[in-house]
Amino acid sequence: MAQLTLEKRAQAIALLDVGVKNRPRCGRPQKLTIRDKRTLVRRITTNECSNAVQLRKSLLTHEKKDVN
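Adding 12 to a residue's 1-based position in the sequence shown gives its number in the working numbering.
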């Protein structure tokens, strides 16, 4: 196996020390939080909403979030 360069070794040690949670993420951020998703599931199971159109309207009125 090839030896690590000093630069690569320093990067690996820095990631172990700091962690990777604070690194920038790629991609688009999610519109719905985990709490929003739980709320949607609860509205379906309690028969407050029965289809996607009703869920969208309830999100817009209660949480002020517009989703497609």
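All C-beta atoms, glycine included, are put in the ideal place defined by N, C-alpha and C. Please read all numbers here as calculations on a predicted model, not as lab measurements.
- The count of Cβ pairs closer than 8 angstroms, one atom from the region 33 to 52 and one from the region 65 to 77, reaches three, so the stretches are in contact.
- Shown here for Arg-37: not one same chain residue has a beta carbon closer than 8 angstroms to its own, the five before and five after excluded.
- Where Leu-27 is concerned, the enclosing alpha helix (DSSP H) starts and stops at 18 to 30.
- Residue nearest to Lys-77 within the set Asn-63, Thr-57, Thr-58, Lys-43 is Lys-43 (criterion: CA-CA distance).
- Judged by DSSP in its simplified three-state form, Lys-69 adopts helix.
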